[in-house]
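**Q** Protein chains in written order, with the working numbering: chain Y, 212 to 546; chain W, 212 to 546.
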DNA sequence: GTCCTCCGTCGAAGCGCTTCGACGCCTGGC
DNA sequence: GCCAGGCGTCGAAGCGCTTCGACGGAGGAC
């Protein structure tokens, strides 16, 4: 293994000079820097991560805790993770993958052993048991999602409440009077997953404000679940003309089910969704949707962490405003 | 921060004794061990990961390179990643997440800086550019999938060739004479992704052996793609009665498409798949399938790595035999 | 010309841990 | 009763890097 002293000798300088040339923490003459860089290239030098971490008390690694639970749409998680890794690399950091399963112990372990400098936690619940721990940790963290009490914590997410509102308002503007929310599987609500709850809040509030008749329907994330909900809606809400879907896997199956029951989209029924743009676009009837910006959330989360690591203050809450794209699945009620 | 010397003082022993009590690398009397453990508990001691890595030249971190490319079924990747993390934790290791995008430089970086002890590489292609690098690295690695030339490398995967064969043989036993493989999107074959190719090999070989008439059809991973292929098959192969699907996202859409074209499954058409058991079970008509054992592959990959890190020799190739489960989607041809 | 300052570099200390050699003591064999 | 050999423990030497204080020399101010 080639070490910093080898580089120093080869370049005719001291090890500390090599270190400063690398980190830029002290001025180094142009000529010396050149020699050092040449030596590094010729010897193929790579600083030892452990030694660096020990001496600088910075590991340049971020922890990312991903959810495994039922009812979470996997591609969204993956896209988010990839965005975190990609952004972290831009800041010269790597990403350690933790599973939800490891729980609080896992968080404490990687934080206390100085394996990581900072943490990103996904799938936050309203009353998440990890909140006190995150507050007490000596390392900065960012949560994806908003718990009820976010005091002293940094959170970021799509503004799901506004997203729910945007969908309803869009339908209201098109003249729809009876709307339904087809949501996540029941267990997601039982766990009080923050984002799912907030969609319901926004949906209901906006419907009430606009004087719409509304109802909420959790739905299993399977085609069979979608068919069940479709049949139930037709039976119980014959006047229904507007649907908001917040459940990625059943978006297409639900539309199929409606059509098989004789309802045309958007002719008889307007459908909007909260989901990744790619999904909304790839459905047979492209769906008017509020984008789920996983990549942006991941990127912003890393940037927040970097700011905190740099000692800057950051806003406690970052709510990304919903961005709605009209596609073929919505139409005026009389059209 | 509480360090090993604090623990040592508190327990009335030397730091090295604490270290040995922790690692078990030298005998420590029961009584001393108790005192050390008590001190650790009382002080809340956590060994510093960087210091440990520096002194022991072991970081206890594995690198996992996940694919991002089009045509890869994300839930399978995720399940695999989770299984790797979970298993690694059982061996007291953590997992660093790398994206394919970082490429060979990323691998070299984490290996050379001693950030990781070993590497797991997914989505191996027949002529993967990373092969020479992995051979030259001073750290052990395991590849998920088989390149053409695996000399000097450790590989593990489902035996996709045998899986393809098993599907055909199952259909042949049921009396089917004309079979088709509906495979991955074209780009997967263009890239020469190992596992996709091997399924084709096994499928074709077994069909030839059994004297079946067979054809292979790449298919876009969208419902529209499934419909296209279904229509094409009906048009071009009216005698078709057996289908093998190796493309997770379209399994259910393809069956839907067949039924909408008037073919009953399994009455008119028997369908088998190579996919995760959960997927096969959750389709409306549960599908006879060869399981894609991502969790097992992940676990075994980590175990292989641990053996290699321990200095033991491991087999270069580990092919997991296909395991087929009969479900409702296949029936005898005359039934 | 002298003094002060700042730039560029060096040397040494130390980050917190593991590991190696050494050493005392206790036990067992004869 | 004496020696050999473990067992259990200690002390010290690093692991490879960063960082702090120091220092020589060049340049500017007066």
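C-beta: ideal position from N, C-alpha, C; glycine also. None of these values were measured; they are calculated from a predicted model.
Helix, strand or coil for residue 250 of chain W? Go by DSSP, reduced to three states.
**A** Correct three-state label for residue 250 of chain W: helix.
**Q** Please compile the residues from chain Y whose C-beta is within a distance smaller than 7 Å of the C-beta of residue 323 of chain W.
**A** Per Cβ cutoff of 7 Å: 257.
**Q** With a cut-off of 8 Å, do at least 3 Cβ pairs link the stretch 506 to 521 of chain Y to the stretch 439 to 446 of chain Y?
**A** Output reads no: the stretch 439 to 446 of chain Y does not touch the stretch 506 to 521 of chain Y.
**Q** Could you give the uninterrupted runs of the beta strand (DSSP E) lying entirely in the stretch 405 to 437 of chain Y, keeping only those of 3 residues or more?
**A** Correct list: 424 to 428.
**Q** Out of Y:320, Y:482 and Y:511, which has the shortest C-alpha to C-alpha gap to residue 302 of chain Y?
**A** Of Y:320, Y:482 and Y:511, the residue nearest in Cα terms is Y:511.
**Q** Answer with yes or no whether the minimum CB distance from residue 262 of chain Y to chain W is below 9 Å.
**A** Closer than 9 Å to some Cβ of chain W, the Cβ of residue 262 of chain Y qualifies, so yes.
**Q** Return the Cβ separation of residue 328 of chain W and residue 273 of chain W in integer angstroms, given the expectation that the two are a contact with Cβ distance under 8 Å.
**A** Right, their Cβ atoms sit about 7 Å apart.
**Q** Specify the secondary structure class of residue 282 of chain W as computed by DSSP and reduced to three states.
**A** Of the three classes helix, strand and coil, the one that applies to residue 282 of chain W here is coil, per DSSP.
**Q** What residues are listed by DSSP as bridge partners for residue 310 of chain W?
**A** Residue 310 of chain W is bridged to W:277.
**Q** Measuring alpha carbon to alpha carbon, tell me which residue in Y:249, Y:269, Y:215 and Y:238 is nearest residue 521 of chain Y.
**A** If we check each option's Cα against that of residue 521 of chain Y, Y:269 comes out closest.
**Q** Kindly say whether residue 377 of chain Y, judged by its beta-carbon, lies nearer than 9 Å to any beta-carbon of chain W.
**A** For residue 377 of chain Y, the answer is no, since every Cβ of chain W falls outside 9 Å of its Cβ.
**Q** Residue 536 of chain Y and residue 385 of chain Y - do their beta-carbons sit closer together than 9 Å?
**A** No, the pair does not count as a contact, with Cβ atoms beyond the cut-off.
**Q** What does residue 288 of chain Y touch in chain W if you count any residue whose Cβ is under 8 Å from its own?
**A** Ordered by position in chain W, the residues that pass the 8 Å Cβ test against residue 288 of chain Y are 289.
**Q** Which residues of chain Y have a Cβ atom closer than 8 Å to the Cβ of residue 442 of chain W, listed in chain order?
**A** Those within 8 Å of residue 442 of chain W in chain Y number zero; the least Cβ separation is about 15 Å.
**Q** With a threshold of 8 Å (Cβ to nearest heavy atom), would residue 271 of chain W be considered close to the ligand HEM?
**A** Within the structure as shown, the ligand HEM is missing, as the structure has no ligands at all.
**Q** Could you tell me which residues DSSP pairs with residue 483 of chain W in its beta bridges?
**A** According to DSSP, residue 483 of chain W bridges with W:455 and W:499.
**Q** With distance defined between alpha-carbon atoms, name the residue in W:342, W:295, W:217 and W:391 nearest to residue 450 of chain W.
**A** The candidate whose alpha carbon is nearest that of residue 450 of chain W is W:391.
**Q** Assign residue 471 of chain Y to one of two classes, buried (16 or more other C-beta atoms within 10 Å of its C-beta) or exposed (fewer than that).
**A** Looking at its Cβ environment, which holds fewer than 16 other Cβ atoms inside 10 Å, residue 471 of chain Y is exposed.
**Q** Just list the alpha helix (DSSP H) runs in the stretch 499 to 545 of chain W, keeping only unbroken ones of 4 residues or longer that don't cross its boundaries, in chain order.
**A** With a minimum length of 4 residues, the continuous alpha helix (DSSP H) runs that stay inside the stretch 499 to 545 of chain W are 505 to 520.
**Q** Assign residue 316 of chain W to one of two classes, buried (16 or more other C-beta atoms within 10 Å of its C-beta) or exposed (fewer than that).
**A** It is exposed - the Cβ of residue 316 of chain W has fewer than 16 other Cβ atoms within 10 Å.
**Q** Strictly below 9 Å CB to CB, what residues from chain Y border residue 383 of chain W?
**A** Under the 9 Å cutoff, chain Y gives no residues; its nearest Cβ is about 30 Å from residue 383 of chain W.
**Q** Taking only beta-carbon positions, decide if residue 484 of chain Y is within less than 9 Å of chain W.
**A** It does not: the Cβ of residue 484 of chain Y has no partner Cβ on chain W nearer than 9 Å.
**Q** Just verifying my parser: in three-state terms, what is the DSSP assignment at residue 212 of chain Y?
**A** In this structure, residue 212 of chain Y counts as coil in the three-state DSSP scheme.
**Q** What's the gap between the Cα of residue 312 of chain Y and the Cα of residue 533 of chain Y?
**A** So the two alpha carbons sit approximately 31 Å from each other.
**Q** Pick out whichever of Y:455, Y:213 and Y:278 has its Cα sitting closest to the Cα of residue 547 of chain Y.
**A** Since the first residue of chain Y shown is 212 and the last is 546, residue 547 of chain Y is not available in this structure.
**Q** Helix, strand or coil for residue 370 of chain Y, going by three-state DSSP, please let me know.
**A** Three-state result, residue 370 of chain Y: coil.
**Q** Can you check DSSP and say which residues form a bridge with residue 355 of chain W?
**A** DSSP, once it has assigned bridges, lists W:367 as partnering residue 355 of chain W.
**Q** Please list, in chain order, the residues of the stretch 413 to 442 of chain W that have any C-beta partner in chain Y closer than 7 Å.
**A** Within the stretch 413 to 442 of chain W, the residues whose Cβ lies closer than 7 Å to some Cβ of chain Y are 433, 434 and 435, listed in chain order.
**Q** When DSSP builds the beta bridges, which residues end up paired with residue 305 of chain W?
**A** Paired residues: W:272.
**Q** Ordered along the chain, which non-local residues of its own chain (more than five positions away) have a Cβ less than 7 Å from that of residue 373 of chain Y?
**A** Result list for residue 373 of chain Y: 413, 532 and 533, in chain order.
**Q** Across the stretch 362 to 378 of chain W and the stretch 402 to 418 of chain W, are there enough close Cβ pairs to call them in contact, namely three or more that are closer than 8 Å?
**A** The stretch 362 to 378 of chain W, when compared against the stretch 402 to 418 of chain W, does touch it at the 8 Å Cβ threshold.
**Q** What are the boundary residues of the beta strand (DSSP E) that residue 361 of chain Y is part of?
**A** Neither: residue 361 of chain Y is in no beta strand (DSSP E) and is coded neither H nor E.
**Q** Who are the neighbours of residue 297 of chain W on chain Y, taking C-beta pairs under 8 Å?
**A** Within 8 Å Cβ-Cβ: 310 and 312.
**Q** I'd like to confirm the pairing. Which residues does DSSP put opposite residue 331 of chain Y in its beta bridges?
**A** Answer is Y:275 and Y:353, bridged to residue 331 of chain Y.
**Q** Just the Cα atoms here: how many angstroms apart are residue 214 of chain W and residue 438 of chain Y?
**A** Cα-Cα distance, rounded: 59 Å.
**Q** Does residue 391 of chain W come out as helix, strand or coil in the three-state DSSP assignment?
**A** Strand at residue 391 of chain W.
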